[in-house]
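What follows is a short report on a single structure.
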């Protein structure tokens, strides 16, 4: 097992705002170009455009945007992850044909060709996976030709909402996986929490697979990026022939602003990426499920300071705060958890809406005392003055 510890530092740079007064943001990363937008164009940009871009695997260099709504017509562009570093122009790697005003389904975009002003002479789709961003753009030059890159951003700018570009990102896997595995070390099984507390240490692991008949040594990189943060750490790793190993990075979030970030592990021609949110706020997620009535499963919970995940029945919705508690997890150390099973105090007799709620440990005895203390001890995590909760319909099978 290879272990690498790093301190993530915030790299702060001054960025020119898109359109002179608005910031274009993709997945909480700011992308900019020096442009001037008149009042009429700015108003049109703020029309209600939408885009949906799903994770996918492609073998021919063409990606599919599930749907895009262009109130005034235009294009849907595809940006690579250099957009997160502020490269609004150079990150454009593909653009659709001109699309009339309205909603369009399953729009295909061929990458690394057909972008006026871009140089793709030596560009080829990457192997492995990469995060790409779909972004709807206006047609401002009335020529039905996408000129955003060629005009340095002065024409055919993005649709915006609330001063930010309308975007959706997706993990795109390129090429045939079997073919890729024979050309080097392949990254798989990226394991990392979805949430992390500020000033904490997060462990990120990935499996490195070598299916070649000879030992291979390659550079392996870990990257964390988004907003003002962009950190890359390299390590040389050797994997025996027809074998695998685990690489581990311990990430110190000290100095990292609260935000959502893209991170991943990359080799020469393979990579896996995920997102992680640095936040002080607890999180919880419970999905609809069938149960035998004795237990329920909370899909995900994040407790920055440790504590418990409680289950409330639907009487909570009528204001019954303590009497609605029907189950509680064991004490959980600070961190992120998946598939937390909670045993109910009494078996459910019928279907009900159950509410998952993370609670603090305020008395340092690692015993849930919220009910016995009539709400004085071990209260819920709150955000903006409201308890953090998630509800789901639970069916007794």
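Numbering (the UniProt record's numbering), first residue to last: 1 to 397.
Idealized CB from N, CA, C, for every residue including glycine.
Remember, it's a predicted structure, so these values are computed and weren't measured experimentally.
For residue i, which residues of its own chain have a beta-carbon under 6 Å away from its beta-carbon, when the five flanking residues on both sides are left out?
| i | result |
| --- | --- |
| residue 239 | 185, 208, 210, 216 and 245 |
| residue 393 | 288 and 353 |
| residue 126 | 174 |
| residue 141 | 147 and 155 |
| residue 222 | 233, 249 and 265 |
| residue 376 | none |
| residue 337 | 301 |
| residue 201 | 250 and 252 |
| residue 281 | 383 |
| residue 271 | 128, 129, 187 and 264 |
| residue 368 | 308, 328 and 378 |
| residue 331 | 366 |
| residue 385 | none |
| residue 224 | 8, 231, 261 and 263 |
Indicate the three-state DSSP secondary structure (helix, strand or coil) for residue i in the structure shown.
| i | result |
| --- | --- |
| residue 338 | strand |
| residue 387 | strand |
| residue 85 | helix |
| residue 318 | helix |
| residue 248 | strand |
| residue 394 | strand |
| residue 151 | coil |
| residue 71 | coil |
| residue 138 | coil |
| residue 279 | coil |
| residue 360 | coil |
| residue 199 | coil |
| residue 380 | strand |
| residue 308 | strand |
| residue 14 | The predicted position of residue 14 is uncertain, since its pLDDT is 24 and thus under 50; a value taken from the coordinates is nonetheless stated next. In this structure, residue 14 counts as coil in the three-state DSSP scheme. |
| residue 372 | coil |
| residue 274 | strand |
| residue 146 | coil |
| residue 36 | Confidence at residue 36 is low in this model, with a pLDDT of 40, below 50, so its placement is unreliable and the value that follows should be read with caution. Coil at residue 36, not helix or strand. |
| residue 158 | strand |
| residue 230 | strand |
| residue 188 | strand |
| residue 329 | coil |
| residue 49 | coil |
| residue 302 | strand |
| residue 80 | coil |
| residue 243 | strand |
| residue 427 | Because the chain here runs from 1 to 397, residue 427 falls outside it and cannot be looked at. |
Whose C-beta lies closer than 7 Å to the C-beta of residue i among residues of the same chain, with five residues either side of it excluded?
| i | result |
| --- | --- |
| residue 96 | 75, 76, 107 and 109 |
| residue 379 | 359, 360, 362 and 370 |
| residue 38 | Confidence is the limiting factor: at residue 38 the pLDDT is only 49, short of 50, which leaves the residue's position unreliable, though a coordinate-based value still follows. Closer than 7 Å at the Cβ level, and outside the excluded window around residue 38, lies no residue. |
| residue 341 | 295 and 297 |
| residue 203 | 248 and 250 |
| residue 58 | 172 and 174 |
| residue 90 | 82 |
| residue 243 | 210 |
| residue 313 | 324, 326, 352 and 354 |
| residue 113 | 120 |
| residue 61 | 110, 111, 112 and 125 |
Would residue i pass as a contact of residue j if the rule is Cβ separation under 9 Å?
| i | j | result |
| --- | --- | --- |
| residue 66 | residue 54 | yes |
| residue 344 | residue 327 | yes |
| residue 198 | residue 258 | yes |
| residue 302 | residue 279 | yes |
| residue 325 | residue 311 | yes |
| residue 348 | residue 294 | yes |
| residue 63 | residue 129 | no |
| residue 78 | residue 99 | no |
| residue 149 | residue 118 | yes |
| residue 315 | residue 323 | yes |
| residue 299 | residue 339 | yes |
| residue 398 | residue 334 | What is shown of the chain runs 1 to 397, which leaves residue 398 out entirely. |
So residue i and residue j are supposed to be a Cβ contact under 8 Å. How far apart are they, rounded?
| i | j | result |
| --- | --- | --- |
| residue 116 | residue 145 | 6 Å |
| residue 170 | residue 132 | 6 Å |
| residue 291 | residue 396 | 6 Å |
| residue 286 | residue 351 | Contact flag wrong, Cβ pair sits at about 15 Å. |
| residue 241 | residue 213 | 5 Å |
| residue 159 | residue 49 | 3 Å |
| residue 267 | residue 205 | Not confirmed; about 15 Å, so no contact. |
| residue 139 | residue 94 | That belief does not hold up - the Cβ atoms of residue 139 and residue 94 are roughly 17 Å apart, past 8 Å. |
Going by beta carbon distance, what residues of the same chain come within less than 8 Å of residue i, once the five residues before and after it are set aside?
| i | result |
| --- | --- |
| residue 51 | 65, 67, 68, 69, 76, 134, 135, 136, 166, 167 and 168 |
| residue 105 | 66 and 67 |
| residue 284 | 298, 300, 301, 302, 309, 356, 357, 358, 388, 389 and 390 |
| residue 121 | none |
| residue 190 | 204, 205, 206, 264, 265, 272, 273 and 274 |
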